[in-house]
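A.B. asks: Numbering (the working numbering), first residue to last: 22 to 724. There's a structure below that I have some questions on.
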């Protein structure tokens with residue numbers, strides 16, 4: 022069942038549906054056996070109701086005679102089998118069935134995860150088939166303190182029941198290759214070597230780290246199945262100026278792998294300082310236990326390596342103090358780390374044990390996550406952005422070839438069993454290698470920033486990528502000559518000379534049609550004829566005569582009880598000329614009509630944009646769809662500015678009223694504008710409300 026939620030292809034392998042697979046057994050460690058033995062002894066000593074497990078009793082006495090047991094239990098029903106570490110009887114009366122709680126042991130676990138709850142849910146389904154009662158809760162014994170934790174299983178039981186049907190469907194499947202893909206489980210799977218070799222052989226998309234199952238399915242639907250095919254889909258795009266989030270481009274990574282080049286989409290700037298610190302932390306995430314902190318300090322032309330080891334959880338404070346002693350001895354430094362695990366260590370240790378405020382501020386200001394300088398910005402020809410892959414590409418090699426985060430956890434577990442200096446030295450060397458690899462990667466990033474290509478000759482900017490296309494005018498070279506002949510036959514006029522009655526050259530010409538934007542005409546709902554002027558605005562003479570006729574059309578909306586509709590008003594005015602001074606002029610009211618859009622129209626636009634939080638593009642689409650108005654984005658932006666200027670006096674009036682009020686409520690909220698953090702302040706007297714924009718939270722605004 023665990024295999025199903027980890028990898029469905031592994032289920033197919035275990036059911037014998039895949040040929041040629043070769044399992045590489047995991048490293049045999051005795052820590053599970055040792056922990057299980059101590060946990061069993063603890064349960065038997067602390068809880069007299071439990072006895073040592075004998076699997077035969079589950080079949081012989083399924084109801085009344087069953088007792089709470091602890092030990093290795095194997096439950097088998099038809100084609101289903103699971104392993105348990107114990108079974109607790111929760112209820113036992115002469116007239117009712119027993120209720121049970123399955124038990125699991127998990128040493129390296131701080132809190133129960135969904136994985137353990139699914140295992141318990143699977144065992145609960147088998148217990149129901151064997152003993153006639155469905156458990157709804159389970160127990161997990163975890164940690165060195167053998168802590169009992171209750172796990173509710175109702176949700177997982179439904180999930181596992183559906184999974185059982187799906188597993189059986191996989192067993193009946195004719196083609197199981199659709200389930201094949203690499204994922205995170207590969208690092209701990211015994212078939213990882215087989216699957217990685219297969220993925221490399223077929224150039225599978227899942228070789229690229231971070232690409233999800235849904236994205237792979239979407240690409241497959243487009244006919245893209247290999248990394249090479251994905252590489253050819255990359256097209257350079259101009260980056261939006263207001264784009265704040267950085268998205269990783271899998272197609273660009275595939276192209277970097279195909280071309281064997283380092284593509285730079287955006288080059289970040291490395292900070293400079295008097296000292297450089299390269300940090301790497303080893304730990305057991307499930308226990309929130311950080312047992313090894315390694316530092317390489319480069320300062321004053323010297324390079325020093327420091328490592329601090331914790332035997333137990335209580336030693337973490339000592340390690341933290343030793344780390345702070347090193348950091349506080351540096352005047353000006355930059356602390357590099359790779360990934361979020363090391364930054365979590367810094368924040369967690371500061372929360373637990375604290376440090377000086379100046380040290381905390383300096384750490385926050387000087388810490389640099391090197392991964393953030395690479396992700397979405399620099400694409401190495403590697404399948405993922407892990408430190409091991411990128412450092413290996415730059416030429417660095419680990420002392421232990423199989424070194425990894427998961428392997429370090431296994432080494433730590435081995436040391437806890439043996440307490441041998443050799444096992445500890447393996448971890449110390451792995452930590453030193455990680456720090457050195459980080460130093461090496463930072464050096465390479467500095468070379469890319471300074472355009473030094475001595476270490477990596479194949480470096481190119483994304484803007485330099487030229488996309489070759491066979492769909493443009495010109496001669497296309499084909500690898501197979503027959504394709505050239507087929508391509509010629511594919512043109513629509515290939516045999517035109519043979520079957521056409523007219524052979525004039527004009528039959529082969531294409532008439533250029535220039536696309537023009539359709540000009541819309543609107544029915545005028547109302548015509549307003551403005552009264553002409555009776556006196557000259559220049560000399561005051563009343564001797565005037567008409568000298569031309571002018572029209573203006575205003576697009577507006579009309580609101581009624583039953584809704585809103587389009588309303589077009591046409592204003593007609595006569596231009597007058599003075600016989601005395603020969604001055605020509607129009608009516609003042611006609612000149613006041615400066616906008617093509619009426620007040621109700623503008624009010625509706627502002628309401629949709631501000632109150633309803635619709636973008637101007639969406640407002641334009643609604644205007645076109647509902648009222649047939651084709652309005653440009655520039656016109657809507659002009660309406661926004663015009664309405665703001667119109668109500669500026671009202672805005673100032675509200676501010677005066679709030680200042681003169683007896684009680685003012687003030688609040689602020691943060692916003693992001695083109696990637697920059699700002700604040701909106703709200704002032705209200707419960708009758709009037711105004712908003713202020715500010716770049717900071719400083720109280721200077723209140724003055």
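Backbone N, C-alpha and C define an ideal beta-carbon position, used for all residues, glycine too.
Where in the stretch 125-202 do unbroken runs of the alpha helix (DSSP H), each at least 4 residues long, occur, reported from the N-terminal end onward?
C.D. replies: As far as the stretch 125-202 is concerned, its whole alpha helix (DSSP H) runs of at least 4 residues are 135-152 and 175-193.
A.B. asks: Just the C-alpha distance for residue 33 and residue 446, rounded to the nearest angstrom, thanks.
C.D. replies: Their backbone Cα atoms lie some 40 Å apart in a straight line.
A.B. asks: Go ahead and label residue 469 buried or exposed: buried means 16 or more other beta carbons lie within 10 angstroms of its beta carbon, across all protein chains shown.
C.D. replies: That one is buried.
A.B. asks: Between which two residues does the alpha helix (DSSP H) carrying residue 667 extend?
C.D. replies: Where residue 667 is concerned, the enclosing alpha helix (DSSP H) stretches over 654-667.
A.B. asks: In the DSSP assignment, find the unbroken alpha helix (DSSP H) run with residue 273 in it and report its ends.
C.D. replies: Looking at the DSSP string, the run of the alpha helix (DSSP H) that includes residue 273 is 271-280.
A.B. asks: Going along the chain, which residues of its own chain have a beta-carbon closer than 6 Å to the beta-carbon of residue 73, five neighbours each way excluded?
C.D. replies: So the list reads 92, once near-sequence residues are dropped.
A.B. asks: Please state whether DSSP places residue 448 in a helix, a strand or coil.
C.D. replies: Here residue 448 sits in helix by DSSP.
A.B. asks: Quick check on DSSP: helix, strand or coil for residue 284?
C.D. replies: Correct three-state label for residue 284: strand.
A.B. asks: What is the rounded straight-line gap between the Cα of residue 222 and the Cα of residue 214?
C.D. replies: Going from the Cα of residue 222 to the Cα of residue 214 covers about 12 Å.
A.B. asks: Could you tell me the alpha carbon to alpha carbon distance between residue 460 and residue 467, rounded to whole angstroms?
C.D. replies: For residue 460 and residue 467, the distance between alpha carbons rounds to 11 Å.
A.B. asks: Let me check one thing: in DSSP terms, what residues is residue 303 bridge-paired to?
C.D. replies: Residue 303 is bridged to 313.
A.B. asks: From what residue to what residue does the beta strand (DSSP E) around residue 597 run?
C.D. replies: Counting along the chain, the beta strand (DSSP E) containing residue 597 begins and ends at 584-599.
A.B. asks: Where do the N-terminal and C-terminal ends of the beta strand (DSSP E) with residue 693 fall, by residue?
C.D. replies: Here the beta strand (DSSP E) through residue 693 covers 686-694.
A.B. asks: In or out: residue 412 buried (at least 16 other Cβ within 10 Å) or exposed?
C.D. replies: Classification of residue 412: buried, given that the 10 Å Cβ count is 16 or more.
A.B. asks: Considering only DSSP beta bridges, list what residue 701 is partnered with.
C.D. replies: In the DSSP output, where bridge partners are listed per residue, residue 701 has 690 and 714.
A.B. asks: Write down the C-beta distance between residue 269 and residue 397 rounded to the nearest angstrom, noting that I regard them as a contact closer than 8 Å.
C.D. replies: Right, the Cβ-Cβ distance comes to about 5 Å (below 8 Å), so this counts as a contact.
A.B. asks: Where residue 237 and residue 409 are concerned, what is the direct C-alpha to C-alpha distance, given to the nearest angstrom?
C.D. replies: Going by the C-alpha atoms only, they are around 25 Å apart.
A.B. asks: From the DSSP output, which residues share a beta bridge with residue 371?
C.D. replies: Paired residues: none, contrary to the question.
A.B. asks: Taking just the CA atoms, how far does residue 504 sit from residue 464?
C.D. replies: Taking the straight line joining both Cα atoms gives about 49 Å.
A.B. asks: Go ahead and label residue 764 buried or exposed: buried means 16 or more other beta carbons lie within 10 angstroms of its beta carbon, across all protein chains shown.
C.D. replies: In the structure as shown, the chain starts at 22 and stops at 724, and residue 764 therefore has no counterpart that could be examined.
A.B. asks: Thinking C-beta only, is residue 559 closer than 8 Å to residue 604?
C.D. replies: For residue 604 and residue 559, yes; Cβs fall inside 8 Å.
A.B. asks: Since residue 97 sits in a beta bridge, which residues does DSSP pair it with?
C.D. replies: Paired residues: 102.
A.B. asks: Tell me where the beta strand (DSSP E) around residue 576 begins and ends.
C.D. replies: Unbroken beta strand (DSSP E) run through residue 576: 565-581.
A.B. asks: Which one of 682, 713 and 717 has the shortest CA to CA distance from residue 698?
C.D. replies: Of the listed residues, the one whose Cα sits closest to residue 698 is 717.
A.B. asks: Grab me the residues of residue 482's own chain with a C-beta within less than 7 Å of its C-beta, minus the 5 sequence neighbours each way, in chain order.
C.D. replies: 285.
A.B. asks: Less than 8 Å between the CB atoms is what I'm expecting for residue 317 and residue 456, so what's the real figure, rounded?
C.D. replies: About 4 Å separates the two Cβ atoms, so the contact holds.
A.B. asks: Keeping to the same chain, check which residues put their C-beta closer than 8 Å to that of residue 57; ignore five residues upstream and five downstream.
C.D. replies: Answer for residue 57: 93, 106 and 126, listed in chain order.
A.B. asks: Is DSSP giving residue 341 helix, strand or coil here?
C.D. replies: Note: residue 341 maps to helix in three-state DSSP.
A.B. asks: Rounded to whole angstroms, what is the Cα-Cα separation between residue 451 and residue 189?
C.D. replies: Distance between the alpha carbons of residue 451 and residue 189: 43 Å.
A.B. asks: Identify, in the order they occur along the chain, each residue of the same chain with its Cβ nearer than 6 Å to the Cβ of residue 111, setting aside the five sequence neighbours on each side.
C.D. replies: Only 120 and 122 meet the Cβ criterion.
A.B. asks: Could you check which residue in 297, 296, 254 and 267 has the C-alpha nearest to that of residue 277?
C.D. replies: The candidate whose alpha carbon is nearest that of residue 277 is 254.
A.B. asks: Would residue 616 pass as a contact of residue 669 if the rule is Cβ separation under 8 Å?
C.D. replies: Cβ distance not < 8 Å, so residue 616 and residue 669 don't count as in contact.
A.B. asks: To the nearest angstrom, report how far apart residue 208 and residue 407 are at their CA atoms.
C.D. replies: Distance between the alpha carbons of residue 208 and residue 407 is about 13 Å.
A.B. asks: Considering only the alpha carbon of each residue, which of 225, 210 and 37 lies closest to residue 191?
C.D. replies: The shortest C-alpha separation from residue 191 is found at 37.
A.B. asks: Can you tell me which of the three DSSP states residue 400 falls into?
C.D. replies: Residue 400 falls in the strand class under three-state DSSP.
A.B. asks: Residues in its own chain within less than 7 Å of residue 531 by CB, not counting five upstream and five downstream?
C.D. replies: Reliability fails at residue 531, whose pLDDT of 43 lies under 50, so the model's placement of it is uncertain and the value that follows must be treated cautiously. Around residue 531: no qualifying Cβ.
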